[in-house]
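This report refers to the structure that appears directly beneath it.
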Amino acid sequence: MREDLIGELRAIVGARGVIADATRLSAYESDGLALLSEQADLVVLPRDTDEAARVVRALHRAQVPVVARGAGTGLAGGARPVAGGVVISTARMRDLLELDPVDRFARVQAGVVNVDLDRAAAEHGLRYAPDPSSQAACTLGGNVANNSGGPHCFKHGATARHVLGLVAVLPDGEVLDLSEPTLEPDAEATGGLDLAGYLVGSEGTLGLVTEVTLRLVPRPEVVETLLAVFPTLDGACDSVSEMIAEHLEPSAIEILDRLTIEAVEASVFAAGYPTTAEAVLLLDLEGGRALVEDLSRQIEPIVARHGGFDLRRARSDAERAALWAGRKGAFGAMGRVAPDLYVADAVVPRTKLREVVAHTVEVCRELNLRLATVFHAGDGNLHPNICYDRRDADDVRRVLEAGDRILEKCIAVGGSLTGEHGVGLEKRDHLCQAFDQADLDAMGAVRRAFDPEGRWNPGKTLPVRACLELHAARPLRAGAAPR
Numbered sequence: 001m002r003e004d005l006i007g008e009l010r011a012i013v014g015a016r017g018v019i020a021d022a023t024r025l026s027a028y029e030s031d032g033l034a035l036l037s038e039q040a041d042l043v044v045l046p047r048d049t050d051e052a053a054r055v056v057r058a059l060h061r062a063q064v065p066v067v068a069r070g071a072g073t074g075l076a077g078g079a080r081p082v083a084g085g086v087v088i089s090t091a092r093m094r095d096l097l098e099l100d101p102v103d104r105f106a107r108v109q110a111g112v113v114n115v116d117l118d119r120a121a122a123e124h125g126l127r128y129a130p131d132p133s134s135q136a137a138c139t140l141g142g143n144v145a146n147n148s149g150g151p152h153c154f155k156h157g158a159t160a161r162h163v164l165g166l167v168a169v170l171p172d173g174e175v176l177d178l179s180e181p182t183l184e185p186d187a188e189a190t191g192g193l194d195l196a197g198y199l200v201g202s203e204g205t206l207g208l209v210t211e212v213t214l215r216l217v218p219r220p221e222v223v224e225t226l227l228a229v230f231p232t233l234d235g236a237c238d239s240v241s242e243m244i245a246e247h248l249e250p251s252a253i254e255i256l257d258r259l260t261i262e263a264v265e266a267s268v269f270a271a272g273y274p275t276t277a278e279a280v281l282l283l284d285l286e287g288g289r290a291l292v293e294d295l296s297r298q299i300e301p302i303v304a305r306h307g308g309f310d311l312r313r314a315r316s317d318a319e320r321a322a323l324w325a326g327r328k329g330a331f332g333a334m335g336r337v338a339p340d341l342y343v344a345d346a347v348v349p350r351t352k353l354r355e356v357v358a359h360t361v362e363v364c365r366e367l368n369l370r371l372a373t374v375f376h377a378g379d380g381n382l383h384p385n386i387c388y389d390r391r392d393a394d395d396v397r398r399v400l401e402a403g404d405r406i407l408e409k410c411i412a413v414g415g416s417l418t419g420e421h422g423v424g425l426e427k428r429d430h431l432c433q434a435f436d437q438a439d440l441d442a443m444g445a446v447r448r449a450f451d452p453e454g455r456w457n458p459g460k461t462l463p464v465r466a467c468l469e470l471h472a473a474r475p476l477r478a479g480a481a482p483r
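Numbering (full-length UniProt numbering), first residue to last: 1 to 483.
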């Protein structure tokens, strides 16, 4: 990296806002998918939109590749550097700029942590509904970039449904201000393109989101948490399918399998899950008291019909919090089982849950891999967690093959490549299986309109080889990025 450019960036953000030494750069070489890593040439941490725009303009003049990064909790390699370049981190952009309890919105810098906004909203009887499992660490700018979800998006929707406006720095350094919260997301539009909609879920390929205006919703009158215990994973899956078929609407429906339960109960996240169960179903019911009681009565016989032999109700806020802490801590608890965890992410129709989960179990059995299953069952968002050791080349080969085969099955049954983790590097070349060339060409045209030189998050989200070439061979393995 040129010394004159480093000096220019330090003049913009201060000496503490530029990281150039190899030891500190190593913290930014991957996101949560540690299997894919590469060191950046430089990390820059602006404090606001103005500094971010000046940084981007300097990098644009220098023709340097750029990767935007929030907290680095993503699991698809989306925030990993590619071919060196510069990482722009929003870690110092942590201000809650405005919270309006009357019009029910908040305006935040991109580096505000998800749960911190929810806690601030709670003081006014409000909540920020999207709640990824990494809620205590992930940042709202990263949530926007990945259109993150979480357990309660079954009822409340993913991030896109809650974005009222945003401010972004485009790849040439221009500031795009779309921050006025003039409409509810579902309100009648007044005309014009939904430019903010292009940026939500764009994974840092179209620019850097620096501020977001987000919808807040009232906290429910009553929340009841249920834990249903099953002797089979199939029974838990079938219960979910029947609940959806009966038009029942818990606010969250999660499934945890036996290995996950055992890992959680042996960890600091122990929640009181029964370790003799093959699966548990964790549900939140929310609304008025009569509605919650009626919903609970309808769920009970469904659980029983599919072999559920115990339906427990949290008796206090503390017990409810413990049950959810176990779920949110499941990924961390798996560190007791294996040194590394490959967390897949795909969405399938709820009627296909049992079939796809069974396929996943069989693939891992064939490849001699340990599998833990925990996922957002309400919206069919699967998260098979495959145990491996990234220091073992054969382990890596087998886990990547398993990931490929699981994604292929999800697409074959009418599902989607990703529910909330994004495409990143991990799923990039699988897009050829999910979309035809005309669709991919249209996506590429949008990307070029924002970033004609292809310097923003290069090698991510779209295939780097023609689909015909990819179909002729096995899909590129996740680490094969262009140099």
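Built from N, CA and C at the ideal position, the CB exists for glycine as well.
Taking the C-alpha atoms as reference points, what is the distance between residue i and residue j?
i, j, result
"residue 489", "Leu-75", "Coverage of the chain is limited to positions 1 through 483, which leaves residue 489 absent and any answer about it impossible."
"Cys-410", "Val-356", "7 angstroms"
"Gly-377", "Leu-283", "Per the sequence presented here, residue 377 reads as Ala, with Gly not at that position. Whole-angstrom Cα-Cα distance: 10 angstroms."
"Thr-373", "Ala-434", "24 angstroms"
"Pro-452", "Asp-429", "21 angstroms"
"Leu-208", "Asp-172", "11 angstroms"
"Arg-336", "Asp-389", "13 angstroms"
"Pro-185", "Ser-133", "Note that Pro-185 scores 49 on pLDDT, short of 50, meaning its location in the model is unreliable; the coordinates nonetheless yield the value given after this. Cα to Cα, Pro-185 sits roughly 24 angstroms from Ser-133."
"Cys-237", "Arg-354", "6 angstroms"
"Ser-148", "Ala-71", "13 angstroms"
"Glu-123", "Ala-129", "15 angstroms"
"Thr-210", "His-156", "24 angstroms"
"Arg-290", "Thr-232", "In the sequence as presented, Arg is not what sits at residue 290; that position holds Ala. Cα to Cα, the separation comes out at about 31 angstroms."
"Asp-439", "Ala-445", "10 angstroms"
"Arg-477", "Ala-402", "Residue placement at Arg-477 cannot be trusted, given a pLDDT of 44 that sits under 50; what the coordinates show is reported in the next sentence. Cα to Cα, Arg-477 sits roughly 11 angstroms from Ala-402."
"Gln-437", "Thr-275", "48 angstroms"
"Asp-131", "Phe-309", "29 angstroms"
"Ala-22", "Val-108", "31 angstroms"
"Thr-360", "Val-413", "13 angstroms"
Put residue i into one of helix, strand or coil per three-state DSSP.
i, result
"Asp-404", "helix"
"residue 485", "Outside the displayed span of the chain (1 to 483) sits residue 485, for which this structure offers no information."
"residue 490", "Examination of residue 490 is not possible in this model, given that the chain is present from 1 through 483 alone."
"Asn-147", "coil"
"Tyr-342", "strand"
"Leu-36", "coil"
"Ala-106", "strand"
"Thr-210", "strand"
"Gly-378", "helix"
"Phe-230", "strand"
"Val-396", "helix"
"Leu-440", "helix"
"Ala-434", "helix"
"Ser-134", "coil"
"Thr-159", "helix"
"Val-56", "helix"
"Asp-116", "helix"
Do residue j and residue i count as a contact pair if the criterion is CB distance below 8 angstroms?
i, j, result
"Thr-49", "Val-169", "yes"
"Arg-398", "Leu-371", "no"
"Leu-431", "Pro-458", "no"
"Val-343", "Ser-416", "no"
"Val-13", "Leu-42", "no"
"Thr-139", "Val-163", "no"
"Leu-281", "Ala-228", "yes"
"Arg-258", "Ala-277", "yes"
"Asp-340", "His-421", "no"
"Ala-330", "Leu-323", "no"
"Ala-110", "Leu-96", "no"
"Val-240", "Ile-261", "no"
"Arg-215", "Arg-54", "no"
"Glu-8", "Ala-68", "no"
"Val-175", "Thr-159", "no"
List the whole-angstrom C-beta distance separating residue i from residue j, where the pair is believed to meet the contact cut-off of C-beta under 8 angstroms.
i, j, result
"Ala-333", "Phe-230", "Actually they are not in contact, since the Cβ atoms of Ala-333 and Phe-230 sit about 20 angstroms apart, beyond 8 angstroms."
"Asp-31", "Gly-77", "6 angstroms"
"Asn-381", "Gly-326", "Between Gly-326 and Asn-381 the Cβ distance is about 19 angstroms, and since that is not below 8 angstroms, they are no contact."
So is residue i buried or exposed if we call it buried at 16+ other beta carbons inside 10 Å?
i, result
"Leu-195", "exposed"
"Leu-193", "exposed"
"Glu-188", "Note that Glu-188 scores 49 on pLDDT, short of 50, meaning its location in the model is unreliable and no value can be drawn from it."
"Asp-392", "exposed"
"Asp-379", "buried"
"Phe-375", "buried"
"Leu-183", "Low confidence applies here, because Leu-183 scores a pLDDT of 49, under 50, leaving its location unreliable and the question unanswered by this model."
"Ala-263", "buried"
"Thr-90", "buried"
"Ser-316", "exposed"
"Arg-447", "buried"
"Ile-302", "buried"
"Glu-426", "buried"
Relative to the ligand MN, is the shortest distance from any of its heavy atoms to the C-beta of residue i smaller than 7 angstroms?
i, result
"Met-1", "Summarising the ligand content, the structure contains no ligands, and the ligand MN is consequently not present."
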